[in-house]
Amino acid sequence: MKKIGSVAAAAAVALTFSVQSHSATLDTVKERGYLQCGVSTGLPGFSNPDDKGNWQGLDVDVCRAVAAAALGDASKVKYVPLNAKERFTALQSGEIDMLSRNTTWTLTRDTTLGLNFTGVSYYDGQGFMVSKKLGVSSALELDGATVCIQAGTTTELNLADYFRQNNMTYQPVVFDTSDQTVQGFEAGRCDVLTSDQSQLYALRIKLADPSSAMVLPEVISKEPLGPSVRQGDDQWFNLVKWSLFAAVTAEEMGLTSANVDQMKNSDNPDVKRFTGAEGDFGKALGVNNDWAYQIVKQVGNYGEIFERNVGANTPLGIARGLNALWSKGGLQYAPPMR
Amino acid sequence: MSSEAKKPQAHSTMPNNKPLFWNDPEKRALFFQALLILAVGGAIWIIVDNTLANLEQRGITTGFDFLSKPAGFGILQSLIEYNEQESYGRTFIVGLLNTLLVSGIGIALATLLGFVIGVARLSHNWLISRLALVYIEIFRNIPLLLQIFFWYFAVLRALPNAKQSLSIGESVFLNIRGLYIPSPVFEAGSSIILIALITGVIASFFVSRWAHKRQDDTGQIFPTTWVNLGLIVGLPVIAFFISGSPVSLEYPELKGFNFRGGITVIPEFLALLVALSIYTAAFIAEIVRSGIQSVHHGQTEAAHALGLPHGRTLKLVIIPQAMRVIIPPLTSQYLNLTKNSSLATAIGYPDLVSVFAGTTLNQTGQAVEIIFITMAVYLLISLLISVFMNWYNKRMSLVER
């Protein structure tokens, strides 16, 4: 099935005539009336369908924010679930308008894949999950272990580097989806499950007995996860980039989905510019001037998005940590909106 | 025909009488064929050129330079030396060899199993023929992918973990991580065994020739099979003991997380091999049955009337004729099995599609080149199998005198 997907994508690249790639993504999205957004095949907290089949999660909310900015309606998104191997070809071939799927921003991906990362929606790092029965307390004790891993990820490369650096051997068992890696880990096919730490927490909930496994303290890499778009369409690149910045800026200014209507009428010039009551930011981006207001009203600010999907009161229970605002000791920072 | 038609014109005295080229069917055909070639060539050129232009415009790297760049990821099973510093080109070889391994062993097992079941299907024993029928109908009618999942997730995932492995005499271990068997270690002086084996093979070749000639001359039959078996197996065994048993076994041992030493057969390989063999064997069994049934019963009766015993009737009369019917469809089953091995990616067996068209494609992003190489490789493997089977078919075909 995956093979057919890749072949189709390769054929799509081969047969799409140059004319089409000139057309602006924003115009296409507006004409179509909805956004096609690539997400994961199911990762709780980031992109996962709920029991009614509605997609939810931090990555999903980034898609919704872009839809709110571009179309004025956060619900007008068609989610395309992709596994790690399919994601870039799907974006390259134009099957999706943007990719928002816990994808690490690296130099190689930025330069050779024909895509651009628009920012960082979640600062992450790679970790290891082991069964408590194993009696291991550090990743340095994993010499000779069998490791379950998802195909086509930066994780595969970091793992190889880490074991080589520490003169340890390992056996990689590579699966196509994260669900399969969890199944393999649970059945005992491998001793260790490795992935980005946020994913490990998410995947741990999927275990029959989550308390039987633990995440080791070592973080072996930097994994800045963010949305990406095709290269060569700066207008669309700008809009996706600033949709995320708008959510962060809203948190800085204290705007939430609950108070944005009230604050809209305030005299604060920053808020006025933000909500579109003053200035022409929307026009510059090619959308309505109230684009940022729509993001906050319909999706919420970055803090709300984080807490709703992965925060302390969710099953994942992840602390803000690196993802707190810069003013609160984290890394989330947006350039000034002016 | 057309050269006949031209003749009267050649004799014509009027040079102007030569037809214009669009009135000459031969030239006209040539013209249209050239036109077609131009159109097809042009279409291919447009597609290739357009692809390159699109890739460049989208900032996607093209070309085959990536093959020499370091891969940086590990592979579970490799028949050749491989580590993370090797190139992407090396990952291609590793994947290809893994594909060939599972296809080669799969073809051998499926053929063996298929012939046994096919013959059992024709057995006069009601129970045996019904069991064969049930086997064929079950495995032929369930999609292969489901069968692979069945063997991998339902059967092999139910095995115990490394510490509670099933074992045979503390030398063969089976657990969820795979099958661990002792590996032979060849010490100094073990080359004499190899020499004995080669001598045995060569000697048995000459014995066969001599026995054939003797039968032609005197009509006496020599028990070639048993003598040859004795030569090929017996000589190395004698050499082994004379030279003081220079081959020892390395036993797998539980160290840390896993067994180390010996040979490890990973469960992904086992599941894929079993599923492919059993699925294809069901088709081969039907082919064998139809092949044997295609030989008229009169042939058997005629052979018996000549005084041939049952075994020789089968070997000299029935099977050579049945093979002619069996080989062509057998070829397509071999091709199917090889191509079906690409389903490996579903359970994480590191074959060509999983390693090269999977991880390598994703790390480099060069979908067009990698998919092209992968398709070309499968085409090449299929063509090679066809060439071999066609050669074999020609050898087995009826020699008309």
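Protein sequence lines, in the order shown, are assigned to chains A and B.
First residue of the first sequence: 1, per UniProt numbering; consecutive thereafter.
First residue of the second sequence: 1, per UniProt numbering; consecutive thereafter.
Even for Gly, the Cβ is constructed at its ideal location relative to N, Cα and C.
Are the segment 145-159 of chain B and the segment 268-276 of chain B touching, with three or more C-beta to C-beta distances below 8 angstroms?
yes
In terms of residue numbering, what span does the alpha helix (DSSP H) encompassing B/Phe31 cover?
Pro25 to Gln57
Could you spell out where the alpha helix (DSSP H) holding B/Arg395 opens and where it closes?
Ala367 to Met396
Name the residue from A/Gly119, A/Ile318 and A/Asn158 whose alpha carbon lies nearest to the alpha carbon of A/Val128.
In the sequence as displayed, the identity of residue 128 of chain A is Phe instead of Val. Of A/Gly119, A/Ile318 and A/Asn158, the residue nearest in Cα terms is A/Asn158.
Limits of the alpha helix (DSSP H) - the one that A/Arg64 falls within
Leu58 to Leu71
Within 8 angstroms (strictly less), CB to CB, does residue 359 of chain A reach chain B?
Past the boundaries of the shown model lies residue 359 of chain A; chain A is included only from 1 to 338, so the question cannot be answered.
Could you give the distance in angstroms between the alpha-carbon of A/Ser93 and the alpha-carbon of A/Arg189?
36 angstroms
Along the chain, where does the beta strand (DSSP E) containing A/Ala213 start, and where does it finish?
Ala213 to Val215
Could you run through the segment 160-181 of chain B and flag, in chain order, every residue whose CB is less than 7 angstroms away from some CB of chain A?
If the cut-off is 7 angstroms between Cβ atoms, the segment 160-181 of chain B has Asn161, Ile176 and Arg177 near chain A.
B/Tyr82 - DSSP class collapsed to helix/strand/coil:
Of the three classes helix, strand and coil, the one that applies to B/Tyr82 here is coil, per DSSP.
Between the segment 229-240 of chain A and the segment 94-106 of chain A, can you find at least three pairs of beta-carbon atoms closer than 8 angstroms?
Counting C-beta pairs closer than 8 angstroms gives three or more between the segment 94-106 of chain A and the segment 229-240 of chain A, which meets the contact rule.
From B/Phe21 to B/Leu383, what does the alpha carbon distance come to, in whole angstroms?
41 angstroms
Completely contained alpha helix (DSSP H) runs for the segment 100-151 of chain B, where each covers 4 or more residues
Entirely contained in the segment 100-151 of chain B, the alpha helix (DSSP H) runs reaching 4 residues are, in chain order, 126-141 and 144-149.
Opposite B/Glu250 in the DSSP bridges: which residues?
B/Ser183
Beta carbons nearer than 7 angstroms to chain B: which residues of the segment 214-233 of chain A have them?
Near chain B, meaning a CB-to-CB distance below 7 angstroms, the residues of the segment 214-233 of chain A are Arg230, Gln231 and Gly232.
For A/Ala145, which beta-bridge partners are listed by DSSP?
A/Tyr170
Can you give me the Cβ contacts of A/Gln171 inside the same chain, cut-off strictly under 6 angstroms, excluding the 5 residues immediately before and after it?
Thr146
Looking at the structure shown, is A/Thr275 part of a helix, part of a strand, or coil, going by DSSP?
helix
Any C-beta of chain A under 8 angstroms from that of B/Ala367
Taking 8 angstroms as the threshold, the shortest C-beta distance from B/Ala367 to chain A falls below it.
Looking at A/Glu223: is its Cβ nearer than 8 angstroms to the Cβ of A/Leu325?
Against a cut-off of 8 angstroms, the Cβ pair of A/Leu325 and A/Glu223 comes out as no contact.
Could you round the C-beta distance between B/Val368 and B/Leu352 to whole angstroms and report it? I think they count as a contact, below 8 angstroms.
No, B/Val368 and B/Leu352 are not in contact; Cβ-Cβ is about 17 angstroms, not under 8 angstroms.
Simplified DSSP assignment, three categories, for B/Pro236:
helix
State yes or no: is the C-beta of B/Ile385 within less than 8 angstroms of the C-beta of B/Leu316?
no
Would you kindly work out how many angstroms separate the C-alpha atoms of A/Phe245 and A/Leu207, rounded to a whole number?
35 angstroms
On the CB-based measure, 16 or more other CB atoms within 10 Å of its CB, does B/Thr91 come out buried or exposed?
Residue burial annotation: B/Thr91 is buried, with at least 16 other C-beta atoms found within 10 angstroms of its C-beta.
Given 8 angstroms as the limit, is there contact between the segment 177-188 of chain B and the segment 284-299 of chain B, that is, 3 or more CB pairs closer than that?
no
First and last residue of the alpha helix (DSSP H) that includes residue 383 of chain A?
This structure leaves residue 383 of chain A out entirely; chain A is present only between 1 and 338.
Three-state secondary structure (DSSP) at A/Trp55?
strand
Under 8 angstroms, do A/Phe117 and A/Trp105 count as touching if we go by C-beta distance?
For the pair A/Phe117 and A/Trp105, the CB atoms are nearer than the 8 angstroms cut-off.
From what residue to what residue does the beta strand (DSSP E) around A/Pro44 run?
Counting along the chain, A/Pro44 falls outside any beta strand (DSSP E), and DSSP gives it neither H nor E.
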